[in-house]
Every structure is written in C-alpha cells, then in structure tokens.
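In this text, residue positions in the sequence shown follow the working numbering: the first is 25, and each later residue adds one. Just so you know, even glycine gets a beta-carbon here, dropped at the ideal spot from N, CA and C. Encoded as structure tokens, the structure appears first; notes follow it.
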Amino acid sequence: MQQNYHSAVQERYVGLGHSVMQSFTSIGPMLDLIAVFPLVALFAGEDFPYAIIISFLVSFTTINTTYQLSRRFSTNGGYYSYAGKILGKAPGLFVALSYLAYSIIVLLAITSFAGYFIFESMLDFGISSARTIPFILSAVFIITVFAIVHLGLKKSLKFTLIAGTAEAAFIIVISLFMFLYPFAGSTVIFPPGNLNSNFLTGVIFGVLAFSGSGSSIFLSENSKNPKKTPADGLALAFLISGLIMIISSFAVVAFIGNYLTLYVNNPAALLADIQQKYGIIFLVPAILFLVLSAMNLSVSYLNALLKSVKKMFMDNVLYYGKGTGKNSATSVLLVAVITLILVLSVLYGPYNAFVYMSSLAGLFFISVHAFANVALVKTKGRVITTMFLPLVSLIFLAAVFTVSVWSFASEFPVIIYMYIVVMILISVYGFVTFTHKEYNRDIEFHVG
C-alpha cells in the first residue's frame, strides 16, 4: 500500500530558497518587534534580549528533533506522522489534533494582532475610526491570506520568497539605525541581567517565536529532495532568523532604553518613537513591513496547515463528510477563523485576544514537540543528536510548561480554561475514534 502511495507523490518543485523562506516567514522576525518582544518583556522585563538568546538555544534542541526526523521521514503530515509512525496510533492522533489546534490558534493570534495593529496605525495617522474597525480589518486580513494561498502553492511560495527576503533586509537596516541613533533619553544598551521570577515565562514566548522554524517539513512531498531540502531549509532559516532576532532585541533596548514599560503596555509606541526620531520616511516602510511580516507568517502557516490537513484525511486521521472536498474544507476553516476572531474581539478586545491566543499556542507547541522528542529518542540513533538533545529539549519543555501554567493560572486564568476546553474536545474526538473499530482500523500513517 505504501509503495502505491509514494508512487503517486506530488510534483516536486520546492527548492532550497523556497524551503528557507517557508520557515523564515513562519517565524516573522519583523512582526516580533511589535508582537512577540513586548510579550517577552512583559515577563522578563528589561532583560528580555537574554530571554531571546535562551529561547534560541532551547529552540535549537527542538529544531534538532524536527531536523533529524525530517531527514528520516518524508511526509507533509509533519509531527503527527512522525509520532504515529514511531509511537503508534494514539500518540499520532493526539499530536495531529494538537497540531491542528495549535495552527488554528496561531492564525487567530496573528489575525487579531493584524487588526489591532492596522487600527492603531490608522489612529497614529489621525484617521479616526469606530471600535468595530479592528475586527473588520482582521477579517479583510485573513481573507487576503486565504486568497493568496488559494492561488496555489507555487505562487504563494514565490510571494513569501520575495516578501520574506525584503523583510529580512529591512529589519537589518532598521536595527542598525536603532543602534546608531537611539531615541532621546535612552541610556541602556545591554541590560543588567537581574533575572526576575517570571523570566522563564518570558522564555516561552521567545520559544513560540521560533516555533515556525519547522514549517518547511510540511512541504516535504513537494520538495525536490524530500529528505534533504526541508531539513536544510529549516536549519538555515532557524540560524538566520535567530541571529536577526537576537540583534534586533538588543537594538530595541538600545533604542528605547528607559521607555520599556511604555513599549510593553503599548507596543505601537515603538512606531511613534521611530517617527519622532527618523521621520515618516522610516515610519511608513516600518508599518508596511510589519503588516507584510504578519501576512508572510500567516500565508506560510496556512500553507503548512492545509498540507498537513490534507495528509490527515489521506491517513484517515480526519474524515471527509459527504460531498466534502478541498475547497469546502478550506471555506469551513476560513469561516471558523473569522467567527472565532469576532467572538474573541467582542469578549477580550483584539490585543488581549492576541495575548491569550499566543499563550495558548505556546502550550500546544510544547505538547506537539514533547511527543516529537520521545519519537526521536525511540529511533535509537546517534547519542548526541537523537538521544541527548531530545531529552534536554523534553526536560526544558516540561519545565517551561509547568512554570507557564502556574503563571497563567494566577495572572491569566482564562488561558488555562481555554486550554482545558480544547483538550476536552481533543479527548472526546480521540475517544470516539478509538471506540469506533472501523475508524481505528483505517488510521494509517504514510511516510516515505
């Protein structure tokens, strides 16, 4: 059966450049200046650049796991296929549903932030708007993302290749200016390193920023070299984005210094400082590239999600309803995202919705990668790369998960409630699947 499956493999046209940018844009380094860095700083304080460094080092252990598994198995299913093939049906199904939840939550987070950010930018330019505008902007944003992806994988990859390269170039330029010409009153270049008790919680947001590094594995079956191109792409993207994010985090501290609290409370304040220091000639490109970065990230995540979902249907992890096809499944996803954005915007507001969804995504990211680490250890390969590093990653992920849940429970309990609700839904689906003999029998994890 596997021979027949792999003989019908899809057209392979994804090269190294596309693979690198698929992973790079899934990290969204430019967007992190306004979206992720303030969240890290909220918990880690002025030492948030050190949290970014630790996040990068910790993420190396998780990226190593993804790298090693993608070198062994070729599948657009990604993490759930690895877990299912190595650990069995139950872990594979759990990881599949956890990844599905994680990806949708990330789309909700970025879409919420896009609506909030564009709205705040309009206010900065003196464009007064009703408070319902952020939701409308979010809806337009996500519809545009789906439209780009609907053009096809080739065209959407070309979009992220061009836009991602431009994004990388701009963030290097703006970081250089922040170092050389800091905002008036800024005195801090390198933080003192007085780590507070919430520092590790800040690290989880930094780890979340790097979580998109493995995005290229979901295009494995479309890659020119299925067991090399995705792995090389994610490794290069991780290295490039890591260096850029570390440099830009110190650049932000050097630029705003004593005004970090204002930055945390209102991330858009960074743009006001940029306008005051460099003028509109830098402000307009900064806004455009921030929106473009959010667009890049969403397009890459959606491409990965749709490829993985298609694989889930092929593996019978998910089941088509009568008359259901690719277009209808995509339409259902779009309607679901817009509906959830509306609910979240009404209940919490666009920015708080972003914070909650980002936090929730971090918890599911840990769940997915914990199983991936266990799967890699079970392959019993080289001691360092397939046993030691995955165990280090697993231990740290467990520690961060524990600290984060403790912190969220006391400060943002709604995040824990959301996590419990999603886990209940996953458990119910899993229970129904494994108590239905036909469904259980049909699940099969196809990998190359």
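Within the segment 61-94, complete beta strand (DSSP E) segments of at least 3 residues are not found at all. Bounds of the alpha helix (DSSP H) holding Ile167 are 157-174. Within the segment 108-150, no run of beta strand (DSSP E) at least 3 residues long lies entirely inside it. Per DSSP, the beta bridge partners of Val38 are Ser247. In terms of CA proximity to Gly281, Phe203 leads the group Phe203, Val333, Val341, Val323.
Counted as a single uninterrupted DSSP element, the alpha helix (DSSP H) harbouring Ala190 occupies residues 177-204. Where Asp56 is concerned, the enclosing alpha helix (DSSP H) starts and stops at 53-56. Within its own chain, the residues whose Cβ lies closer than 8 Å to the Cβ of Ser237, once the five positions on either side in sequence are excluded, are Ser47, Ser50, Ile51, Ser83, Ile87, Thr90, Leu258, Ala261, Phe262, Ser265, listed in chain order.
Looking at the backbone, the Cα of Tyr104 and that of Thr285 are separated by about 40 Å. Under the three-state reduction of DSSP output, Ser382 falls in the helix class.
Taking C-beta atoms as the reference points, Ser355 and Leu224 fail to come closer than 9 Å. Under the criterion of beta carbons closer than 8 Å, Ser94 and Ala255 qualify as touching, at roughly 5 Å. For Ser221, the three-state secondary structure derived from DSSP is coil.
In this structure, Val227 is the residue among Val341, Tyr325, Val227, Lys334 with its C-alpha nearest to the C-alpha of Ile78.
Straight through space, the alpha carbons of Ala192 and Phe118 are spaced by roughly 35 Å. Per DSSP, the unbroken alpha helix (DSSP H) holding Ile439 starts and ends at 437-459. DSSP places Ala278 inside the alpha helix (DSSP H), whose first and last residues are 253-280. For Ile157, the CB contacts under 6 Å within the same chain, skipping 5 residues up- and downstream, are Phe143 in chain order. Comparing alpha-carbon positions, the option among Met146, Gln300, Ala133 lying closest to Tyr205 turns out to be Gln300. In chain order, Phe313 place their CB closer than 6 Å to the CB of Phe194, counting only its own chain and leaving out the 5 sequence neighbours on each side.
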